[in-house]
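Worksheet: the structure to be examined is printed underneath.
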Amino acid sequence: MSLQHVRFPDIPEPSILDVNYDADLRRLKEAYQARTGHYPGISDPETVTLEQLAYEKSELKEMINEEGKQNLLPFAVGARLDNLGLLTETERLPASSALTTIQFVMKPHTGFVIHKGFEMMAIDGQTVFVAMVDTAIAPEDTEKAIGFQCQTPGVVGNNFAPGQIAQMVKPLEFVASA
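If you're matching positions, the sequence shown starts at 34 in this note's numbering and goes up one per residue.
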C-alpha cells in the first residue's frame, strides 16, 4: 500500500500512461512484421531485442506516471511535497514520535519508581518506546497507566494495537505485566 492510500484513501491514483508490457510487445512485433513481412516468434533472435524494448518502454511509462503524480499533493513525497507546500506558504511539520499509554499491573510491593527512559519493546521486536516521566508507584497501587513515546520519530511507532507494546526490555521485579 502506498503512502498516498494512508493519507488520502478515497482519492484514486491517477495514471498518465497505460503501462502494459504485453500490449507494447505485441505492438512492437506487429510493427516489425509490417516492415519486414516476418512476425518474430519465441525463438527468433529479434524477439529478445523487442522484449527488451517493450520492457524499457514499460519502465519509462511507469517513471512518467510517477513523475506526473509528484505534481499532485496527495501523491507528492520528499522535496516535491515541500515545493508544493511553498505554493501556499505551508511548511511541512517535522516527524514526531508516536505516543501511547501502557497499563502496568503490579505484584505486591512496598513502592517503587518506574524511571523516565524505561524501555518497552513492541511486538515487532524492533520498535522501542520509552517512559516520558518518572512515575512513582505507591504501595497500594495494583495498576498504573504510564505515558510512553516511541524512540524513533515518524510512522514506525504507529498502528500498534493494544497489547502489542508489552515486552519490558529490562523486567522490573514488581511488575506482573504491561
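In this text, a Cβ means the ideal position worked out from N, Cα and C, and glycines have one as well.
Alpha carbon of residue i to alpha carbon of residue j, nearest angstrom
| i | j | result |
| --- | --- | --- |
| K149 | M165 | 5 Å |
| A64 | S91 | 17 Å |
| V52 | T82 | 19 Å |
| Q184 | G196 | 18 Å |
| V138 | L106 | 45 Å |
| P186 | I75 | 52 Å |
| V146 | Q182 | 18 Å |
| A131 | I156 | 15 Å |
| V208 | E176 | 9 Å |
| K3 | L50 | Nothing about residue 3 can be read from this structure; the chain reaches only from 34 to 211. |
| G118 | M96 | 23 Å |
| Y72 | Q66 | 5 Å |
| G158 | A178 | 22 Å |
| P78 | A112 | 44 Å |
| S210 | I135 | 10 Å |
Assumed close pair residue i, residue j - CB separation to whole angstroms, cut-off 8 Å
| i | j | result |
| --- | --- | --- |
| V271 | M153 | The question about residue 271 has no answer here: the residues shown for the chain are numbered 34 through 211. |
Sheet register partners of residue i (DSSP bridge)
| i | result |
| --- | --- |
| A169 | V146 |
| L132 | Q182 |
| E152 | V163 |
| S210 | V138 |
- Any contact of the stretch 87 to 99 with the stretch 52 to 62, i.e. 3+ C-beta pairs under 8 Å? yes
- Note down, one range per segment and in chain order, each beta strand (DSSP E) of at least 3 residues found wholly within the stretch 175 to 204. 176 to 183 and 198 to 201
- What beta strand (DSSP E) runs, 3 residues minimum, are completely inside the stretch 86 to 139? 132 to 139
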